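Residue numbers (my numbering), protein chains in the order written: chain A, 9 to 409; chain B, 9 to 409. Ideal Cβ placement from N, Cα and C applies to all residues, glycine included. Computed from a predicted structure; not experimentally measured.
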């Protein structure tokens with residue numbers, strides 16, 4: 009609810025601290041055999057104890073039935089209406105690897121892929137080739153200039169790269185070249201609006217250049233592009249909520265997204281344990297911390313029910329360390345559900361827990377979908393979570409006489 | 009939902025009667041020792057019995073996390089979006105004491121206060137001086153004319169008064185002079201928009217006049233002003249819902265607010281017992297009654313848990329007398345929560361009960377936050393309560409073919 013029109017009138021600057029722990033893909037659905045979800049199957053002594061002293065509920069990221077990507081899922085939790093505010097995949101990837109995007113740039117997410125002799129895709133990720141093989145290919149593709157537009161190729165990880173277009177008069181209204189499944193030909197880039205013709209043509213030239221240059225590679229013999237996007241203007245998270253926010257996330261996309269919202273992205277390691285130590289080390293320097301936990305989503309995406317259970321148990325083990333810091337408000341939320349049963353993001357409501365000095369006696373017995381549904385917070389749009397966090401932190405004063 | 013666009017098409021004129029009993033500050037949070045809220049701690053045989061035959065739920069006055077003042081809290085219950093429709097504090101106070109406000113008038117809430125030798129506030133309420141002392145001070149300050157603007161001072165109660173400005177070209181976009189806490193100097197009134205310069209200057213003259221006149225008073229040696237406001241245009245409650253509404257409230261602010269909505273404000277006494285007898289006496293003359301109960305909020309604001317429990321028990325004792333009148337629909341609601349633990353209004357959802365001939369078998373075991381959360385109505389925006397009341401009263405016909 010960054011758009012609540014009187015937010016500036018009711019936000020207070022205080023010393024209280026909020027930690028928003030986002031467990032990516034947190035929610036699930038019951039296993040067919042046991043009838044218990046991943047959260048219900050996991051042994052979560054610390055999260056359950058926390059839930060007993062918290063106000064619990066469920067969040068709806070976008071709308072019932074709408075499955076969000078990580079971008080909209082996170083934007084919603086930060087209070088940005090994910091239908092009004094959008095961030096393209098290319099922009100997210102670019103920011104995530106530290107590219108200093110300029111307004112007007114167009115970024116696209118690129119995948120090396122494998123095509124057969126007939127040109128049809130046989131592997132959309134080129135066997136997830138190791139970075140040691142893909143980075144030199146990126147270097148070879150880099151630094152092309154077409155019609156006054158400079159194109160650069162930035163390696164991300166394994167088969168993933170970012171294509172960046174910089175120059176005058178670019179548009180991001182260009183169609184994807186990734187057909188989205190094997191057995192199909194890469195698609196030609198097309199202008200989706202009249203002003204995008206030149207951009208589409210430049211992208212087409214890049215695609216042909218890549219086809220020529222990659223020909224003969226054993227795996228990465230072609231590349232596909234999607235998520236053409238430009239920087240959009242998003243309200244500053246810190247200004248809107250009157251906070252000094254910090255983001256702690258090992259994964260590039262979440263770093264990019266929070267940077268775009270104006271959060272200070274703290275240097276951290278590649279594990280959640282390192283993230284938590286970063287939180288501890290920087291705890292006095294900020295009054296809001298976004299802390300990202302990825303493994304539950306990764307296991308869910310793989311359809312690995314047991315793996316997701318273990319990932320949740322591993323998260324649980326870090327809860328005491330976070331509570332030791334005594335944040336005034338600790339929120340545990342998810343950007344979306346990733347049920348192992350679906351092996352994908354889903355539309356299901358996501359467990360939520362808000363812990364503060366005001367929540368004693370309102371708790372739920374456990375932290376899972378079923379218990380949270382009966383919780384004190386009920387089911388609410390994810391966009392309202394920040395208002396609750398601020399209220400519990402004593403950072404919102406009364407609205408109206 | 010006074011803005012439901014087809015309200016005029018679906019409202020019916022019938023003989024049925026609705027009583028909306030608003031228990032101010034109704035909701036609470038659990039006591040730290042007992043784990044039970046004020047409602048859960050109180051002995052409420054009549055409200056609990058009523059809840060068992062009613063449809064229960066929780067209302068959200070504005071948004072989760074947003075703490076409403078009494079103005080927005082009441083507007084929401086009457087179906088007015090409290091973000092779209094606003095009433096200034098000065099206007100509310102002025103209407104509450106029976107000032108016949110005209111469009112263009114500017115009203116402000118004034119407080120007598122105490123300042124030290126350095127001019128800084130030592131008591132924002134001048135020790136809540138008795139009306140016998142403050143009324144003569146109001147009379148002395150009254151009837152000033154500055155630059156063609158007539159200023160009048162109207163005593164409210166104890167340290168409170170209304171400053172009314174009447175004349176051409178006034179604006180309510182003037183900043184408050186109350187710094188909001190002791191130890192600070194009163195603030196100079198400033199124009200918040202270009203057209204408010206003259207009004208700010210006139211207010212400044214009044215403030216200096218008050219400073220001179222009050223100098224030497226033992227307690228009320230200065231005055232501060234806030235809530236500069238003008239009448240806004242609000243849709244008529246009676247016209248929108250096709251009702252003949254009456255308001256029964258002992259406290260001035262609620263009388264002022266309902267008058268502004270076009271309700272007939274009935275003369276009544278200063279106690280809830282007198283309010284209920286007014287209801288009984290006028291029961292045949294109207295088809296909608298707003299009945300206000302204040303003591304629960306007052307005790308909550310004082311942080312007096314036991315006092316709030318007693319106030320709720322005192323309300324409970326009047327329920328049989330209200331039911332004797334056999335209203336077709338009896339709604340018990342709150343404009344906001346006032347948990348004793350917070351000693352202030354809060355953002356928490358508020359218990360709601362709707363009783364009609366259609367609610368038997370849908371009841372909750374008791375009338376409190378926990379039971380209502382599981383109730384038949386779920387958790388809903390307070391702005392939707394009037395639609396439910398009208399529906400249960402048989403006053404809404406089918407929408408659409």
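Runs of the alpha helix (DSSP H) lying entirely within the region 328 to 388 of chain B and spanning at least 4 residues, in chain order: 377 to 381.
Taking C-alpha positions only, residue 137 of chain B is separated from residue 221 of chain B by approximately 17 Å. In the structure shown, residue 9 of chain B adopts coil according to DSSP, grouped into three states.
The CB of residue 392 of chain A comes closer than 8 Å to the CB of 71, 72 and 73 in chain B, given here in chain order. Residue burial annotation: residue 381 of chain B is buried, with at least 16 other C-beta atoms found within 10 angstroms of its C-beta. As computed with DSSP, residue 169 of chain B is found in a beta bridge with B:118 and B:163. Looking only at B:203, B:190, B:314 and B:214, the smallest Cα-Cα distance to residue 196 of chain B is reached by B:214. The C-beta separation of residue 85 of chain A from residue 362 of chain A comes to about 12 Å, leaving the pair out of contact by the 8 Å criterion.
With respect to residue 43 of chain B, residue 369 of chain A sits close: the two C-beta atoms are nearer than 8 Å. As a beta-bridge residue in DSSP terms, residue 255 of chain A pairs with A:273 and A:298. The three-state secondary structure of residue 66 of chain A, taken from DSSP, is strand. Distances from the CA of residue 68 of chain A to each of A:308, A:62, A:87 and A:307 were compared; the closest alpha carbon is that of A:87. When A:143, A:371, A:399 and A:150 are compared, the shortest CA-CA separation from residue 386 of chain A is found for A:371. In the three-state DSSP reduction, residue 249 of chain A falls in the helix class (H, G or I). Of the residues assessed, residue 407 of chain B falls on the exposed side of the cut-off, its CB having fewer than 16 other CB atoms within 10 angstroms. If you draw a straight line from the Cα of residue 173 of chain B to the Cα of residue 115 of chain B, it is about 6 Å long. Counting other Cβ atoms within 10 Å of its Cβ, residue 409 of chain B stays below 16 and is therefore classed as exposed.
Apart from sequence neighbours up to five positions away, the residues of its chain that approach residue 250 of chain B with a beta-carbon distance below 6 Å are 19 and 21, ordered along the chain. Taking the beta carbon of residue 353 of chain B as reference, the chain A residues within 9 Å of it are 406, listed in sequence order. It is roughly 17 Å from the alpha-carbon of residue 81 of chain A to the alpha-carbon of residue 256 of chain A. For residue 368 of chain A, the chain B residues whose C-beta falls within less than 7 Å of its own C-beta are 38 and 40, listed in chain order. Between residue 142 of chain B and residue 167 of chain B the beta-carbon gap is near 6 Å, inside 8 Å, which marks them as a contact. By the neighbour-count criterion, in which 16 or more other beta carbons inside 10 Å mark a residue as buried, residue 223 of chain B falls on the exposed side. If you check the CB distance, residue 353 of chain B and residue 76 of chain B come in under 8 Å. With the criterion set as a beta carbon lying under 8 Å from some beta carbon of chain A, the members of the region 87 to 100 of chain B are 90, 91, 94, 95, 96, 97 and 100, in sequence order. In the three-state reduction of the DSSP assignment, residue 242 of chain B falls in the coil class, being assigned neither a helical nor a strand state. Listed along chain A are 386, each with a C-beta nearer than 7 Å to that of residue 387 of chain B. The residue among A:207, A:12, A:165 and A:217 with its C-alpha nearest the C-alpha of residue 140 of chain A is A:165. Against chain A, a Cβ distance below 9 Å from residue 350 of chain B picks out 366.
Between the alpha carbons of residue 35 of chain B and residue 180 of chain A lies a distance of about 51 Å. Scanning chain B for C-beta atoms nearer than 7 Å to the C-beta of residue 296 of chain A yields nothing, as the closest lies near 15 Å away. Flagged as an interface residue toward chain A: residue 79 of chain B, by a C-beta distance shorter than 8 Å.
Rounded to the nearest angstrom, the gap between the Cα atoms of residue 327 of chain B and residue 70 of chain A is 42 Å. Contacts with chain A at 8 Å (Cβ-Cβ) do not include residue 136 of chain B. Under DSSP, the beta-bridge partners assigned to residue 230 of chain A are A:121.
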